[in-house]
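Engineer: Listed in order, the protein sequences are those of chains A and B. If you're matching positions, the first sequence starts at 1 in UniProt numbering and goes up one per residue. If you're matching positions, the second sequence starts at 1 in UniProt numbering and goes up one per residue. Okay, handing you the structure first.
Protein chains: 2
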Amino acid sequence: MEEQVKLYDTTLRDGTQGEGISLSVEDKLKIAKKLDQLGIHYIEGGWPGSNPKDMNFFERAKELQLEQAVITAFGSTRRPNIETERDPNLQRILDSGVKAAAIFGKTWDFHVTEALQTTLEENIAMIYDSVRYLKENGLEVIFDAEHFFDGYKHHRDYALEAIKAAEKAGADCLALCDTNGGTLPSEIAEIVKHVTEEVSITVGIHCHNDCELAVANSLEAVKAGARHIQGTFNGYGERSGNANLVSIIPNLQLKMNVPVVSDEQLQQLTNASKYIHELANQTPPNNQPFTGKSAFAHKGGMHVSAVLKHPETYEHIQPEKIGNERRVLVSELSGQSNLLFKAKELGISLDKNDPVVKELIQKVKEMEHRGYQYEAAEASFELLLREGIGESYKYFTLDHFNILTQKDGDFTTEVLVKLNVQGDSVVTAAEGNGPVNALDHALRKAIGEYYPLVNEMYLSDYKVRVLDGGDGTASTVRVLIESTNGKTTWSTIGVSTNVIEASWYALEDSIRYYFMKEEHRLEKNNVVAFIPEAGVKNH
Amino acid sequence: MEEQVKLYDTTLRDGTQGEGISLSVEDKLKIAKKLDQLGIHYIEGGWPGSNPKDMNFFERAKELQLEQAVITAFGSTRRPNIETERDPNLQRILDSGVKAAAIFGKTWDFHVTEALQTTLEENIAMIYDSVRYLKENGLEVIFDAEHFFDGYKHHRDYALEAIKAAEKAGADCLALCDTNGGTLPSEIAEIVKHVTEEVSITVGIHCHNDCELAVANSLEAVKAGARHIQGTFNGYGERSGNANLVSIIPNLQLKMNVPVVSDEQLQQLTNASKYIHELANQTPPNNQPFTGKSAFAHKGGMHVSAVLKHPETYEHIQPEKIGNERRVLVSELSGQSNLLFKAKELGISLDKNDPVVKELIQKVKEMEHRGYQYEAAEASFELLLREGIGESYKYFTLDHFNILTQKDGDFTTEVLVKLNVQGDSVVTAAEGNGPVNALDHALRKAIGEYYPLVNEMYLSDYKVRVLDGGDGTASTVRVLIESTNGKTTWSTIGVSTNVIEASWYALEDSIRYYFMKEEHRLEKNNVVAFIPEAGVKNH
Numbered sequence: 001m002e003e004q005v006k007l008y009d010t011t012l013r014d015g016t017q018g019e020g021i022s023l024s025v026e027d028k029l030k031i032a033k034k035l036d037q038l039g040i041h042y043i044e045g046g047w048p049g050s051n052p053k054d055m056n057f058f059e060r061a062k063e064l065q066l067e068q069a070v071i072t073a074f075g076s077t078r079r080p081n082i083e084t085e086r087d088p089n090l091q092r093i094l095d096s097g098v099k100a101a102a103i104f105g106k107t108w109d110f111h112v113t114e115a116l117q118t119t120l121e122e123n124i125a126m127i128y129d130s131v132r133y134l135k136e137n138g139l140e141v142i143f144d145a146e147h148f149f150d151g152y153k154h155h156r157d158y159a160l161e162a163i164k165a166a167e168k169a170g171a172d173c174l175a176l177c178d179t180n181g182g183t184l185p186s187e188i189a190e191i192v193k194h195v196t197e198e199v200s201i202t203v204g205i206h207c208h209n210d211c212e213l214a215v216a217n218s219l220e221a222v223k224a225g226a227r228h229i230q231g232t233f234n235g236y237g238e239r240s241g242n243a244n245l246v247s248i249i250p251n252l253q254l255k256m257n258v259p260v261v262s263d264e265q266l267q268q269l270t271n272a273s274k275y276i277h278e279l280a281n282q283t284p285p286n287n288q289p290f291t292g293k294s295a296f297a298h299k300g301g302m303h304v305s306a307v308l309k310h311p312e313t314y315e316h317i318q319p320e321k322i323g324n325e326r327r328v329l330v331s332e333l334s335g336q337s338n339l340l341f342k343a344k345e346l347g348i349s350l351d352k353n354d355p356v357v358k359e360l361i362q363k364v365k366e367m368e369h370r371g372y373q374y375e376a377a378e379a380s381f382e383l384l385l386r387e388g389i390g391e392s393y394k395y396f397t398l399d400h401f402n403i404l405t406q407k408d409g410d411f412t413t414e415v416l417v418k419l420n421v422q423g424d425s426v427v428t429a430a431e432g433n434g435p436v437n438a439l440d441h442a443l444r445k446a447i448g449e450y451y452p453l454v455n456e457m458y459l460s461d462y463k464v465r466v467l468d469g470g471d472g473t474a475s476t477v478r479v480l481i482e483s484t485n486g487k488t489t490w491s492t493i494g495v496s497t498n499v500i501e502a503s504w505y506a507l508e509d510s511i512r513y514y515f516m517k518e519e520h521r522l523e524k525n526n527v528v529a530f531i532p533e534a535g536v537k538n539h
Numbered sequence: 001m002e003e004q005v006k007l008y009d010t011t012l013r014d015g016t017q018g019e020g021i022s023l024s025v026e027d028k029l030k031i032a033k034k035l036d037q038l039g040i041h042y043i044e045g046g047w048p049g050s051n052p053k054d055m056n057f058f059e060r061a062k063e064l065q066l067e068q069a070v071i072t073a074f075g076s077t078r079r080p081n082i083e084t085e086r087d088p089n090l091q092r093i094l095d096s097g098v099k100a101a102a103i104f105g106k107t108w109d110f111h112v113t114e115a116l117q118t119t120l121e122e123n124i125a126m127i128y129d130s131v132r133y134l135k136e137n138g139l140e141v142i143f144d145a146e147h148f149f150d151g152y153k154h155h156r157d158y159a160l161e162a163i164k165a166a167e168k169a170g171a172d173c174l175a176l177c178d179t180n181g182g183t184l185p186s187e188i189a190e191i192v193k194h195v196t197e198e199v200s201i202t203v204g205i206h207c208h209n210d211c212e213l214a215v216a217n218s219l220e221a222v223k224a225g226a227r228h229i230q231g232t233f234n235g236y237g238e239r240s241g242n243a244n245l246v247s248i249i250p251n252l253q254l255k256m257n258v259p260v261v262s263d264e265q266l267q268q269l270t271n272a273s274k275y276i277h278e279l280a281n282q283t284p285p286n287n288q289p290f291t292g293k294s295a296f297a298h299k300g301g302m303h304v305s306a307v308l309k310h311p312e313t314y315e316h317i318q319p320e321k322i323g324n325e326r327r328v329l330v331s332e333l334s335g336q337s338n339l340l341f342k343a344k345e346l347g348i349s350l351d352k353n354d355p356v357v358k359e360l361i362q363k364v365k366e367m368e369h370r371g372y373q374y375e376a377a378e379a380s381f382e383l384l385l386r387e388g389i390g391e392s393y394k395y396f397t398l399d400h401f402n403i404l405t406q407k408d409g410d411f412t413t414e415v416l417v418k419l420n421v422q423g424d425s426v427v428t429a430a431e432g433n434g435p436v437n438a439l440d441h442a443l444r445k446a447i448g449e450y451y452p453l454v455n456e457m458y459l460s461d462y463k464v465r466v467l468d469g470g471d472g473t474a475s476t477v478r479v480l481i482e483s484t485n486g487k488t489t490w491s492t493i494g495v496s497t498n499v500i501e502a503s504w505y506a507l508e509d510s511i512r513y514y515f516m517k518e519e520h521r522l523e524k525n526n527v528v529a530f531i532p533e534a535g536v537k538n539h
């Protein structure tokens, strides 16, 4: 029977080498739990010999009730010319209490003499002794052959001698590392194939994405006989990152018929990818393959009607299989089928013969002509749609505002706003780091006492784009605002020749959208929506 | 002699299908110019038959003085059952005045009968007629074989029959499209190889990144005989994007010995990648392969000295070859060569041992830490450099301003500005369509009578980007302003937590830069620059 391909995740170790990625012990424990649920076989938790903080993780990881994943520690072979028993790095691996360890060693002769500054013979001894020591202490041992592909290309015999020393010492797996990330898929295939002929234990692969080839290289290695794949979630890692397990897993399972997790686990992939982005405080890229928000997004009217009829001919896999979903974007090319699909998605029942559909399409086109672009502002689009069919969400209306920005030494901005809220006239003042920030502050102050819900949400991104160059600061501007309550995010849009006006529309929509979604939580006497417009207490 | 591999860029067409990517005609013209300088062979400008706005681009692109790139139009084969002469889509391609066109047609039988709802025979006729018609009208024709790989796998004979119809009709190139992005590298290699045996014209490749394999697939296609590669800059495109030319180009040139651009052009790759991110208002991903800020970043630790001694053993390519740079934590050397290169380019003679070089590097690092990024703001960078070596360009200084934005019915903005110009205190007021526009008006009014030159220039674009999400409207913002005198354009930058302050810095730099460049045209009694700072009439 063919040996099963095993997944080895190093998000918690190599992933945190990525610029801007930093995980607390709590985060790491949560991620380990999630990876285990997803069916990952090995979870590399840290490098106890280099980072003493990692000990805490290993200590607490023992309390995790993992179903199958093996927690592993990372480390290096012993230092030159000392006994393994006296090597603090190997000692700490044993102290961490793990059942498996990955230790890296040099396989490129140049690195032995230049970086390690030792002899080629001593390096072979270091590999042999270190692997043997850990094996004698009962650990499963993965030998990470650092710079293996470069070493192989420069001095093949020495690279092979190095990994064979690990095999002879009892290593369970030889993970060949493309440490600099510069190897092409065809070279990976050829070299992995040769290695599998030379050794009789499991061969593994560890790729980096410097050439945007890490996923392809990992798949080629599996085709050539590798049965152990190292990578990180979302491709985090030093420089351009490590091989992205989020893409490798579905490629293996759905494209290459190499099962690595169960179907149910695969359906958790999108959720896990996003969860880890969130814990790592990274904005999930919309265009992330497989799990991104745009990965199964369709644009264009004519195309959309066909997608709805035969999705399999426009999608390389069914998004449900990895827990993602199809989205239809409303864009300039939008037609009736886009609109109907969108409405259905939002739970709004619309008959295609209803005259309101034609009116809505007309309205969308008109707004797009003015510079609105709803594909990145789905919350504004939902409001437009719902108001188009007669629902009303006027929780407050603006009477007027004055914003004063001054440069007199410092730059300061102050604002005075007058709103109508539930029949009351409310006047407030606030300051901020610019006109929009000040306006946002004043608005919250004014409505917060009527709708405390507003304090749960905040703006998480603000983008301004000038639509038609040529008029400089007098051009039409499009403002996109992203808001969040810490759990979900939503985007709204405003367009005007006046950037403050555009910002106001986007701000207003953002708050109205949140109130609409949380309608049931507005206090009873505050509910003014879902009733005919005439009944709204405005004046 | 082996046929040269040609690069076909579709950033301006397929790239803008990416969610959140939107380019004005001005942006498109600038990108076309940049791509031409970089040595791209074909630039697909748009789809005139589907998007009438694109006509404007083709009209204006005729005025671009391109060195080698061929501007192409995109379109589809004629509709079923009409004559090519009456097909509005083909007609618009001819109207656009391009010398080359890419038209797509169906090669997957299922799509013919289901999406097009016509017969298999009629589809073949549509392909033949459309290619022939464009050829008869003197165009170079690329046939984009839509869904080719899926079509080939489902019904090989029909897929081949379809592309052969295009060949027979005189097509110059058959671009095989992995439209759904679901094909594996090994399949791409096998199918491309077979096609090159079946046809005698150039075979091309068009990949999508749904499996994170688009770059590998494109390279495999070249290995299998493809000689025309379609992709986008930074991998923009629908869903998970198109094949990323930014990664494909150096892989071909530096790894596979397939020269596609000159060495000098390759050195512009990082700059071009960033420039296009800026115009598309996208945050450049730090971990972007080859051109990202982290792509050659080495974290501190034991291997830093080894990296400096033998960078080739820790880096898969020399970053200078693609215009990127090594970043090392401890390195004071980082940035020096760039700075000296830039200075030389601007005609400023700087000796690398001059202590001012160290000061300048320190200053640039400090500004970058605050959020400045000079890639897309070379005018501000030149001012920084020149002022750093003691030149002075203080034509006017700001005393204070008040900006009042009101919403009371309409949105209005009025501003009062007080400046010091050539020893005089000048107070003016103006209004505008927003705070920055009003400030711009007032500034011009105030200095126009001292420096009539200001009336020759105007702002042509204005962009705002929030730098660190999470604080919404209170975050640091970066403002980029582009100005023009109708002949040349220049870009300036300002950064602050206050958008008005950031805009002010960019505005001020924009005017100062123009005056500096046109120094010789300032009236004699107005010349206050190029003299020691102490002599400037400020108070």
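Here a beta-carbon is modelled for each residue, glycine too, at the ideal position from N, C-alpha and C.
Nearest-angstrom Cα distance between L139 (chain B) and E167 (chain B)?
Structural biologist: Going by the C-alpha atoms only, they are around 14 Å apart.
Engineer: Counting only beta-carbon separations shorter than 7 Å, does T313 (chain B) have a partner in chain A?
Structural biologist: Chain A, which has a Cβ nearer than 7 Å to the Cβ of T313 (chain B), makes this yes.
Engineer: Would you tell me roughly how many angstroms separate the C-alpha atoms of E3 (chain B) and W504 (chain B), rounded to the nearest one?
Structural biologist: Spanning the two alpha carbons is a distance of roughly 53 Å.
Engineer: For the alpha helix (DSSP H) containing W504 (chain B), list its first residue and its last residue.
Structural biologist: W504 (chain B) -> alpha helix (DSSP H) spans 499-517.
Engineer: Sort B:N251, B:F233, B:L252 by Cα distance to L245 (chain B) and report the nearest one.
Structural biologist: Comparing Cα positions, the closest option is B:F233.
Engineer: Rounded to the nearest angstrom, how far is the Cβ of A214 (chain B) from that of I21 (chain B), given a contact under 8 Å?
Structural biologist: With 8 Å as the limit, A214 (chain B) and I21 (chain B) do not qualify as a contact, their Cβ atoms being about 16 Å apart.
Engineer: Determine the burial state of R13 (chain B): buried for a count of at least 16 other Cβ atoms within 10 Å of its Cβ, exposed for fewer.
Structural biologist: It counts as buried.
Engineer: Whole angstroms are fine: how far does the CA of K309 (chain A) sit from the CA of K33 (chain A)?
Structural biologist: C-alpha separation (whole angstroms): 39 Å.
Engineer: Secondary structure at V203 (chain B), three-state DSSP: helix, strand or coil?
Structural biologist: Strand, per DSSP.
Engineer: Which chain A residues sit within Cβ distance under 7 Å of A216 (chain B)?
Structural biologist: Those within 7 Å of A216 (chain B) in chain A are P185, L213, A216.
Engineer: Quick check on DSSP: helix, strand or coil for I248 (chain B)?
Structural biologist: Here I248 (chain B) sits in helix by DSSP.
Engineer: Please go through the same chain and pick out, in chain order, the residues whose beta-carbon is closer than 7 Å to the beta-carbon of E332 (chain B), but skip the five residues on each side of it.
Structural biologist: Any reading at E332 (chain B) must be qualified, since the residue scores a pLDDT of 37, below 50, and its modelled position is unreliable; no value is offered.
Engineer: Could you work out which residues of chain C lie near S247 (chain A), taking near to mean beta carbons separated by less than 7 Å?
Structural biologist: Although the question refers to chain C, the structure presented lacks it and instead comprises the protein chains A and B.
Engineer: To which residues of the same chain is Q268 (chain A) closer than 7 Å at the C-beta, ignoring the five residues directly before and after it?
Structural biologist: Result list for Q268 (chain A): Q37, L38, G323, in chain order.
Engineer: Below 8 Å on C-beta distance, what does Q288 (chain B) contact in chain A?
Structural biologist: Simply S240.
Engineer: For the region 94-112 of chain A, which residues have a beta carbon sitting closer than 8 Å to at least one beta carbon of chain B?
Structural biologist: Within the region 94-112 of chain A, the residues whose Cβ lies closer than 8 Å to some Cβ of chain B are W108, F110, H111, listed in chain order.
Engineer: Check each candidate in B:I71, B:N420, B:Y128, B:K99 and name the one with the smallest Cα separation from T77 (chain B).
Structural biologist: When only C-alpha atoms are compared, the closest one is B:Y128.
Engineer: Excluding sequence positions up to five away, which residues of its chain have a Cβ less than 8 Å from the Cβ of V199 (chain B)?
Structural biologist: Closer than 8 Å at the Cβ level, and outside the excluded window around V199 (chain B), lie I163, K164, E167, L174.
Engineer: Taking the alpha-carbon of G347 (chain B) as reference, which of B:R386, B:A376, B:E320 has the nearest alpha-carbon?
Structural biologist: When only C-alpha atoms are compared, the closest one is B:R386.
Engineer: Within the 7 Å Cβ cut-off, does A115 (chain B) reach chain A?
Structural biologist: Closer than 7 Å: yes.
Engineer: Note the first and the last residue of the continuous beta strand (DSSP E) segment covering S483 (chain A).
Structural biologist: Run containing S483 (chain A): 477-484, per the beta strand (DSSP E) assignment.
Engineer: Taking A169 (chain A) as the reference, which of A:S186, A:E136, A:K342, A:D109 has the closest Cα?
Structural biologist: The residue with the shortest Cα to Cα distance from A169 (chain A) is A:E136.
Engineer: Rounded to whole angstroms, how far is the Cβ of A189 (chain A) from the Cβ of A224 (chain A), which I believe are closer than 8 Å?
Structural biologist: At roughly 5 Å, the Cβ-Cβ gap stays under 8 Å, so A189 (chain A) and A224 (chain A) are in contact.
Engineer: Give the residues of chain A in contact with I403 (chain B), contact being defined as C-beta atoms less than 9 Å apart.
Structural biologist: Neighbours of I403 (chain B) on chain A, chain order: I403, L404, T405, Q406, K407, T413, P435.
Engineer: Consider the C-beta atom of L23 (chain B) and the heavy atoms of the ligand MN; say whether any pair is separated by less than 6 Å.
Structural biologist: Looking for the ligand MN in the displayed structure turns up nothing, as the structure carries no ligands at all.
Engineer: In whole angstroms, give me the CA-to-CA distance for I481 (chain B) and M516 (chain A).
Structural biologist: Answer to the nearest angstrom: the Cα atoms are 38 Å apart.
Engineer: Could you check whether the Cβ of S76 (chain B) sits closer than 7 Å to any Cβ belonging to chain A?
Structural biologist: No - not a single Cβ of chain A is within 7 Å of the one on S76 (chain B).
Engineer: On the criterion of 16 or more Cβ atoms from any shown chain inside 10 Å, does I82 (chain B) qualify as buried, or is it exposed?
Structural biologist: It is exposed - the Cβ of I82 (chain B) has fewer than 16 other Cβ atoms within 10 Å.
Engineer: Within 10 Å of its beta-carbon, does D144 (chain A) have 16 or more other beta-carbons around it, so buried, or fewer, so exposed?
Structural biologist: Burial call: buried.
Engineer: Per DSSP, H228 (chain B) forms a beta bridge with which residues?
Structural biologist: In the DSSP output, where bridge partners are listed per residue, H228 (chain B) has B:K6, B:G204.
Engineer: Does K463 (chain B) pass the burial test, meaning 16 or more other C-beta atoms within 10 Å, or should it be called exposed?
Structural biologist: K463 (chain B) is buried by the Cβ-count criterion.
Engineer: Between A:C211, A:Q230, A:T283, which has its C-alpha nearest P250 (chain B)'s C-alpha?
Structural biologist: The residue with the shortest Cα to Cα distance from P250 (chain B) is A:C211.
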